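The opening position of the sequence shown corresponds to residue 32 in this note's numbering, with each subsequent residue numbered one higher.
All C-beta atoms in this analysis are idealised placements derived from N, C-alpha and C, irrespective of residue type, glycine included.
No experiment lies behind these values; they were computed from the predicted model shown.
Below is one structure, written out as structure tokens; the observations come after it.
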Amino acid sequence: MIPEVAGFSKLSKEQKIDWLTTHHFNQSQQAKNTLLTYWNSNQKLQQLHDEFSENVISNFYLPFSIAPNFTINNTRYSIPMTIEESSVVAAASKAAKFWNQRGGFKASVINTEKIGQVHFSFNGNFEKLHFFFSQIKPQLIESISTIQTNMKKRGGGLLNIELKDKTQKLKNYFQLHCTFDTIDAMGANFINTCLEQIAQVFQNEALQFDTFSKSEKHIEIIMSILSNYVPNCIVRAEVSCPIKDLPNTSELSSEDYAAKFVRAIEIAEKEPYRAVTHNKGIMNGVDAVVLATGNDFRAIEAGAHAYAAKDGQYASLTHASITNNILNYYIEIPLAIGTIGGLTRLHPMVKLALEILNKPNAKQLMKIIAVAGLAQNFGAVNSLITTGIQKGHMKMHLMNILNQHNATKTEKEKIIAYFIKNTVTHSEVLNQLALLRA
Ligand code: MEV
């Protein structure tokens, strides 16, 4: 068994690597070399990365790509995408060009409300609790006035606090449900700081509230935390075009293409097994931009999937219909993101990504991310209903296999040429490589 280590966080980076490689590898020098290869020679930059997290021993690279030619509300964007999966950026770029010739993407922010909750237990009379809350509410708001100063200057801050009785779900369970506008910040720190302050004042004031019985005075705060479920922080992105402008091939007329496309989306609206994969494809685009712009993709993922299940069954985040021979196709997705705070000014690549996007505010970035999600879904569904997904995937997969086996430039060219007419399988690629090398 690996021995328990004491004070690991206090070891230097070199010592951490020594400990790790000694206890986890037979070839410890080789492992050390791999970790050291990924250190950045620019010490200042390395230190910056070391300080983003804890127990850092090296870096983990992801590709930083560009999907050009996106037209969103008549403005042209080149979208930075951080993603390791092959075909995603190619599909996004292709979709961007396709819709460019059909009026581009339209996007609008529907609302921007963020949510945080103080969860507490109260064993007593609800009428009295409600009365206490109505009396104390101005004081709760006042208690965060200093925390809110800057946010208010920017036009945001706490919107409201509501007392919610959740005892139908759980005995003695209540909430202070707080809503916020955090403008261009994702706002997690701001919201959590406000909530902890509100909780403390709420608890302390209850102790002094004469109407409460002795036991009622002891409100137990369980936790104070923002919610990543933001069903009122929604952005909509859409495209539309006459059916006659859709792909038209010998196998599929544009009318049949439109009908098949809508049918594929309807399946994802009704069938959870398909919906999960359908939305996964959307998140390929969404997460890639979220990551490149320094936002929290776990928060976005959690919120998007919860929203996809809002009507009681997990369903597609995109929708499509045909009216008067026009295909209308849209996404609605919750996106609680920021363009200030967090990593946005710290991480040089994030800063660069935001510059590529012409320094968007949060609302503009919400629109760009939603468009990336819609474009990705279009690319996936388009492939699925026509050539099938494997054709494009295997082309990129081929490159990964060739790189894994250190293929030279000439080897790559010859093998790519061979697979234009042959089906890519892992074994056949190795076979061709072996033949070339023999
Ligand atoms: C693969 O990463 C994503 C897809 O499976 C999405 C989809 O099926 O819609 C291609």
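7 Å Cβ shell around residue i - same chain, five flanking residues per side excluded
{"i": "residue 414", "result": "420, 423"}
{"i": "residue 445", "result": "467"}
{"i": "residue 337", "result": "260"}
{"i": "residue 36", "result": "50"}
{"i": "residue 244", "result": "155"}
{"i": "residue 392", "result": "215, 370"}
Of the listed residues the options, nearest to residue i (C-alpha basis)
{"i": "residue 212", "options": "182, 170, 39", "result": "182"}
{"i": "residue 70", "options": "59, 44, 184", "result": "44"}
{"i": "residue 263", "options": "438, 142, 316", "result": "142"}
{"i": "residue 34", "options": "42, 55, 46, 48", "result": "55"}
{"i": "residue 427", "options": "246, 161, 454, 370", "result": "454"}
{"i": "residue 39", "options": "88, 258, 79, 65", "result": "88"}
{"i": "residue 373", "options": "42, 62, 48, 84", "result": "84"}
{"i": "residue 409", "options": "341, 367, 128, 398", "result": "128"}
{"i": "residue 140", "options": "134, 68, 240, 398", "result": "398"}
{"i": "residue 452", "options": "297, 437, 298, 425", "result": "425"}
Reduced DSSP secondary structure (H/G/I, E/B, other) of residue i
{"i": "residue 312", "result": "helix"}
{"i": "residue 417", "result": "coil"}
{"i": "residue 387", "result": "helix"}
{"i": "residue 219", "result": "helix"}
{"i": "residue 359", "result": "strand"}
{"i": "residue 343", "result": "coil"}
{"i": "residue 188", "result": "strand"}
{"i": "residue 112", "result": "strand"}
{"i": "residue 124", "result": "helix"}
{"i": "residue 229", "result": "helix"}
{"i": "residue 143", "result": "coil"}
{"i": "residue 334", "result": "helix"}
{"i": "residue 303", "result": "helix"}
{"i": "residue 34", "result": "coil"}
{"i": "residue 456", "result": "coil"}
{"i": "residue 85", "result": "coil"}
{"i": "residue 260", "result": "coil"}
Cβ-based neighbour list, residue i, same chain, cut-off 6 Å, excluding 5 preceding and 5 following
{"i": "residue 207", "result": "149, 192"}
{"i": "residue 255", "result": "149, 226, 227, 230"}
{"i": "residue 362", "result": "268, 348, 349, 401, 404, 405"}
{"i": "residue 270", "result": "130, 136, 360"}
{"i": "residue 331", "result": "321"}
{"i": "residue 288", "result": "277, 278"}
Those residues which DSSP pairs with residue i across a bridge
{"i": "residue 107", "result": "102"}
{"i": "residue 254", "result": "150"}
{"i": "residue 208", "result": "148, 193"}
{"i": "residue 269", "result": "137, 361"}
{"i": "residue 11", "result": "Lying before the first or after the last residue shown, residue 11 is absent from the chain, which here runs from 32 to 469."}
{"i": "residue 97", "result": "111"}
{"i": "residue 214", "result": "Paired residue(s): none; residue 214 is not in a bridge."}
{"i": "residue 371", "result": "216"}
Same chain only: Cβ atoms within 8 Å of residue i, ignoring 5 sequence neighbours per side
{"i": "residue 285", "result": "274, 275, 276, 277, 278, 279"}
{"i": "residue 171", "result": "192, 207, 229, 232, 233"}
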